[in-house]
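Everything on this sheet refers to the single structure shown next.
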Amino acid sequence: MSALEDLVRPSLARIVAPGDGYAPERGEYWGSGFFIAPGWLLTCAHVVGKGGAEVWRSRSPVGVTWQGGTTTGEVVLAKPRPEPAHAGRGRWEFPDIALVRVHGADDARCVWLSDRAPTIPAPVSLHGWSRQTGALGLRHGVGEASGRDGKALLLTGALPVEGLSGGPVVDLRHGSVIAMNKGVRQTEGAAVPVTALRELHDLRGGDILHTVMREHDLYHLARFNRPGADTDWTRVQAGLRDPGAPGLTPAQRLHLYGHLAQLPPPSGPGEIADLVQEAKSRVVQSDFRSPFPEDLRTWREGAALLHGLRDLGDKGGRPELDLDAVLLYAAKVARHTVLERPGDTDPETLRHFTRWIGEQAVLYAQPVIREDIVRLLGEVSEPFPARPAAPVLTRERSSRTGADVLVDIGEPVYGERYPLSVRLLYDGRDVTPLYSNDLGVRRHELQEHLREPLAEALRLGDRGEHLAVIEAFLPRALLDEPIDEWRLVPEGGAAGDGGEYEEDDFFDEQSMPLGLRRTVLIRDRRRNAKAPIPEWRRRWTATARGPLAGIPLRGESTDTGHQSGGRRESRLGTFRRLSGSGDGCVPVFCGPVGSGAGREAMDVALAAGHPLVLWRRDGHDHDGCRAFHRSAARLLSLAGRAEGLHAHVRDLRIGALDPEIALSEGLMGRIAVLYDPPDRPPYASEIMRPPPPAGP
Numbered sequence: 178m179s180a181l182e183d184l185v186r187p188s189l190a191r192i193v194a195p196g197d198g199y200a201p202e203r204g205e206y207w208g209s210g211f212f213i214a215p216g217w218l219l220t221c222a223h224v225v226g227k228g229g230a231e232v233w234r235s236r237s238p239v240g241v242t243w244q245g246g247t248t249t250g251e252v253v254l255a256k257p258r259p260e261p262a263h264a265g266r267g268r269w270e271f272p273d274i275a276l277v278r279v280h281g282a283d284d285a286r287c288v289w290l291s292d293r294a295p296t297i298p299a300p301v302s303l304h305g306w307s308r309q310t311g312a313l314g315l316r317h318g319v320g321e322a323s324g325r326d327g328k329a330l331l332l333t334g335a336l337p338v339e340g341l342s343g344g345p346v347v348d349l350r351h352g353s354v355i356a357m358n359k360g361v362r363q364t365e366g367a368a369v370p371v372t373a374l375r376e377l378h379d380l381r382g383g384d385i386l387h388t389v390m391r392e393h394d395l396y397h398l399a400r401f402n403r404p405g406a407d408t409d410w411t412r413v414q415a416g417l418r419d420p421g422a423p424g425l426t427p428a429q430r431l432h433l434y435g436h437l438a439q440l441p442p443p444s445g446p447g448e449i450a451d452l453v454q455e456a457k458s459r460v461v462q463s464d465f466r467s468p469f470p471e472d473l474r475t476w477r478e479g480a481a482l483l484h485g486l487r488d489l490g491d492k493g494g495r496p497e498l499d500l501d502a503v504l505l506y507a508a509k510v511a512r513h514t515v516l517e518r519p520g521d522t523d524p525e526t527l528r529h530f531t532r533w534i535g536e537q538a539v540l541y542a543q544p545v546i547r548e549d550i551v552r553l554l555g556e557v558s559e560p561f562p563a564r565p566a567a568p569v570l571t572r573e574r575s576s577r578t579g580a581d582v583l584v585d586i587g588e589p590v591y592g593e594r595y596p597l598s599v600r601l602l603y604d605g606r607d608v609t610p611l612y613s614n615d616l617g618v619r620r621h622e623l624q625e626h627l628r629e630p631l632a633e634a635l636r637l638g639d640r641g642e643h644l645a646v647i648e649a650f651l652p653r654a655l656l657d658e659p660i661d662e663w664r665l666v667p668e669g670g671a672a673g674d675g676g677e678y679e680e681d682d683f684f685d686e687q688s689m690p691l692g693l694r695r696t697v698l699i700r701d702r703r704r705n706a707k708a709p710i711p712e713w714r715r716r717w718t719a720t721a722r723g724p725l726a727g728i729p730l731r732g733e734s735t736d737t738g739h740q741s742g743g744r745r746e747s748r749l750g751t752f753r754r755l756s757g758s759g760d761g762c763v764p765v766f767c768g769p770v771g772s773g774a775g776r777e778a779m780d781v782a783l784a785a786g787h788p789l790v791l792w793r794r795d796g797h798d799h800d801g802c803r804a805f806h807r808s809a810a811r812l813l814s815l816a817g818r819a820e821g822l823h824a825h826v827r828d829l830r831i832g833a834l835d836p837e838i839a840l841s842e843g844l845m846g847r848i849a850v851l852y853d854p855p856d857r858p859p860y861a862s863e864i865m866r867p868p869p870p871a872g873p
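Residue numbers (this note's numbering): 178 to 873.
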């Protein structure tokens, strides 16, 4: 056996039906799995799904047989979780991943999980159990990770055979597990990247993953430091590395991850990405205008983004960039932990960490970076007392303001299908794409298809105190689409649960309507596809400065809710009135604007350059319109300027949903807001994309 195969085999497990021992002749074999931390097993959701609904409810164990014996485990986290009636059959979508707590397996040998997405193409080996040749036995094959298709890692060469599902896929170049076997489609194999573990964090109970990864890193550090230990993953990785190669060594990485594992976990992706961005900008000395989206969940994943860093100018980039960036990031994490989480970290643990960083910086970091590290550590622990230092001139750009989310729904194609995309917007100008669907979906399918990419984008956009704003670019026919009432979980399913929907789940951040917690803005897609006209910019400047005043969107629809003279205002009449109104005026309409008279008037308001419009998108009567216009006038007065609208609109939406509040305050109707600033992002702005992988 090769050194890597020798390491993988003891970690492999057979997933079987629970019962009295293991009897392959009774057909109890379900699939493969592998240990990633003592007592923690990773496999495919469809493998444990063979146990049916009771397994999903954690009311029935699964059988686990491995080199250390036979025992049982329970499914702790899994995605997707099927409806109980369909558990164990049907098609299993990605990520198709399950985490199993295995009782009595604390001494199981564990694999080393890759800390980042694999570099493609990559030579790989596939491992697991199978009956393909008759008797159940271990199987091993060599192939190539050849590409990606959505969330799938594609495999060529040796393909996963029946029974290998849930077994590990090992990167032979770097010596790490990068994926797990899922199945075969046509002539290619499909595997689940181990980075799919990130998707389990947002399920109920997902915080346990911090514990699992902590135990993973501490397990490997303990094995590496054990006197007279057998061959371990770190030493094998060192043997695969080119002699004299610059940058972070496997041993340094192992010790770093061991220290990071003992710190309080980060609160979210943005907290990690901020520190990565700061370290990268300082070391490379380039204007990184926006961080590229990574759904980071652990401190180790942040370090992984800097491992292999090269000068993006590709002018014989300095090889020490790699280690400089990682050590600077580590110092920033230590300082951040002390400042943001005082009292959560054991002082002795932090002292050991800062001492290790300081030692590595003295030995390997460039002088200017070493000074930065010493200055940071001086604010953290006693071994490095603070001392006066000259200001450091850098070109860092802080990304602490986070990002907002652009949902773009295009004009219909192929009949009535609307193409979709979701992007992140940084600082109002830099755009990073996350998801697109050019084939399009029908109107009633919009929420279903956008739910998952929208949830992912919001996770990435939230930073510290910044709650990402949703800006929806819509065709004018869809301006009445109730995006503020969308939820990130399906009706009838609690957040991350897949079970029964409970009333208390309304106040779960994933379950409540988006507009009750976040700012949801409607924008005009057609107008933003062109360079802004002068009137649009002028009126935006006025509304941003304030004050705001209401004006009827249609002349015959007054604040009394009655028809004025019984005659509909002509388009030119509307244009004359709206274009001649004050720049701080906001058109108000008691009715929908996606069709009919409301649509005609909205077209005119946009042509006149109005960036703000308020309207009511649901059914109503005259009495309701009078109340709506009173609420709109009060709203504009309280807001004062464009930015002030957000909090007051959110307050109205919450109040209108409560019958008692709505009755006492005269609130009614579903309020919608066009909030459409020009130059956000700038017209024809360049889309920011991640740089190419820097290599191992």
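Glycine included, C-beta positions come from ideal geometry on N, C-alpha and C.
- About 5 Å separates the Cβ atoms of Ser302 and Val347, confirming a contact at the 8 Å cut-off.
- The beta-carbon separation of Ala282 and Gly245, rounded to 6 Å, stays under the 8 Å limit for a contact.
- Measuring C-alpha to C-alpha distances from Leu631 to each of Ser598, Gly617, Leu651, Asp615 identifies Ser598 as the nearest.
- When C-alpha distances from Ala322 are compared across Thr514, Leu655, Ile297, Leu336, the shortest belongs to Ile297.
- Residue nearest to Val241 within the set Leu486, Asp853, Gly343 is Gly343 (criterion: CA-CA distance).
- With contacts defined by Cβ atoms closer than 7 Å, Pro652 and Glu588 form a contacting pair.
- For Ser307, the enclosing beta strand (DSSP E) covers residues 299 to 307.
- A residue is called buried once 16 or more other Cβ atoms fall within 10 Å of its Cβ, and Tyr860, having fewer, is exposed.
- In the structure shown, Met390 adopts helical secondary structure according to DSSP, grouped into three states.
- For Thr247, no alpha helix (DSSP H) run applies; the uninterrupted beta strand (DSSP E) run containing it begins and ends at 246 to 256, by DSSP.
- In the displayed model, Arg293 falls within coil according to three-state DSSP, outside both helix and strand.
- When DSSP reads this structure, Ser209 sits in a beta bridge with Arg191.
- For Leu504 against Ala542, the beta-carbon gap comes to about 6 Å, under 8 Å, which counts as contact.
- Between Gly250 and Val279 a beta carbon distance of about 4 Å is seen, short of the 8 Å cut, so the two are scored as contacting.
- For Arg400, the three-state secondary structure derived from DSSP is helix.
- Within the same chain, Asp657, Pro769, Arg847, Ala849 come within 6 Å of Arg794 by CB-CB distance, once the 5 residues on both sides are set aside.
- Our two residues, Cys762 and Asp853, have alpha carbons roughly 14 Å apart in a direct line.
- Annotation: Leu725 to Glu629 spans about 37 Å, alpha carbon to alpha carbon.
- Counting only the Cα atoms, Leu417 lies some 16 Å from Phe401.
- Counting C-beta pairs closer than 8 Å gives three or more between the stretch 502 to 518 and the stretch 435 to 455, which meets the contact rule.
- Shown here, Asp499 sits in a helix according to DSSP, grouped into three states.
- Using a Cβ-Cβ distance cut-off of 8 Å, the stretch 410 to 430 and the stretch 370 to 390 are not in contact, since fewer than three pairs of beta carbons, one from each stretch, lie closer than that value.
- Here Asp292 is not near Arg528, since their CB atoms are 7 Å or more apart.
- Contact check between the stretch 699 to 712 and the stretch 589 to 608: fewer than three CB pairs, one atom from each, fall below 8 Å, which does not count as touching.
- Shown here, Asp780 sits in a helix according to DSSP, grouped into three states.
- Straight-line spacing of the CA atoms in Ala645 and Gly226 works out to 36 Å.
- About 5 Å separates the Cβ atoms of Arg474 and Arg375, confirming a contact at the 8 Å cut-off.
- With fewer than 16 other beta carbons inside 10 angstroms of its own, Glu536 counts as exposed.
- For Arg430, the closest alpha carbon among the candidates Val361, Trp289, Leu330, Gln454 is that of Trp289.
- In the DSSP assignment, Glu648 forms a beta bridge with Leu583, Leu698.
- Annotation: the continuous beta strand (DSSP E) that includes Thr220 extends over 217 to 220.
- Only exposed fits Glu270, as fewer than 16 other CB atoms lie within 10 angstroms of its CB.
- Cβ contact annotation for Arg547 (same chain, cutoff 6 Å, sequence separation greater than five): Ala538, in chain order.
- For Trp476, the enclosing alpha helix (DSSP H) has its first and last residue at 476 to 483.
- The beta carbon of Asp549 sits closer than 8 Å to those of Arg459, Leu505, Ala508, Val569, all from its chain and outside the five residues before and after it, given in chain order.
- Within the DSSP secondary-structure output, Gly320 pairs in a beta bridge with Val301, Gly334.
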